[in-house]
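Residues are numbered in this note's numbering as their position in the sequence shown, beginning at 1, plus a constant of 224. A short worksheet on the structure shown next.
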Amino acid sequence: MFRYLSKIELKQSIFYYLFLFLFFFFWNFFSLFIFFFYLNIQNILQSYEDKVPINMLIFYENNPLNILNLSSEIDKNIYVKKVIIISPEELLEKSKNDLPPEILKIFSKDEIKSQFP
225 MFRYLSKIEL KQSIFYYLFL FLFFFFWNFF SLFIFFFYLN IQNILQSYED KVPINMLIFY
285 ENNPLNILNL SSEIDKNIYV KKVIIISPEE LLEKSKNDLP PEILKIFSKD EIKSQFP
């Protein structure tokens, strides 16, 4: 009877030690994976922030020649993918959804446009 109990205890203890070993093995593996993944994400984000493209350029209609010269200089930069020149009217039309309705009621279109760069 004691032999039988000792075999059961031995099997049970081996099973527990195996379970403990597997738990810590996978726990360490998971921790290292999370750490590596976090560092990689930070690295990718940093490299993306270093190469953020310029997508929009807003200008006064008074002097379009200066803005065209500036946009040609910006285009020469290797990190810039696309330069779009937008007039204040276009910007006002696109931003109507974001502006509160009170502002649109109080101020006229010309007054709002005068506040755009």
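Built from N, CA and C at the ideal position, the CB exists for glycine as well. The model shown is predicted, which means the values in this text are computed figures rather than measured ones.
Extent of the continuous alpha helix (DSSP H) to which Leu292 belongs: Pro288 to Asp299
Nearest-angstrom Cβ-Cβ length linking Ile310 and Val304, presumed shorter than 8 Å: Their Cβ separation, rounded to whole angstroms, is 16 Å, which puts Ile310 and Val304 out of contact at 8 Å.
Exposed unless 16 or more other CB atoms sit within 10 angstroms - verdict on Pro324: Under a 10 Å Cβ-count criterion, Pro324 is classified as exposed, with fewer than 16 other Cβ atoms of the shown protein chains found around its own Cβ.
Asn286 versus Ser296: straight-line alpha-carbon distance, rounded: If you draw a straight line from the Cα of Asn286 to the Cα of Ser296, it is about 18 Å long.
8 Å Cβ cutoff met for Lys337 and Pro312: Contact flag set, yes.
N-terminal and C-terminal residue of the alpha helix (DSSP H) that Leu328 is part of: Pro325 to Ile330
Residue range of the alpha helix (DSSP H) that includes Lys320: Note, Lys320: premise wrong, no alpha helix (DSSP H); not H, not E.
Simplified DSSP assignment, three categories, for Tyr240: helix
Integer Cβ distance of Leu315 from Lys333, believed to fall under 8 Å: That pair is no contact at about 12 Å.
Range of the contiguous alpha helix (DSSP H) that encloses Ile302: Ile302 -> no alpha helix (DSSP H), and no H or E assigned at all.
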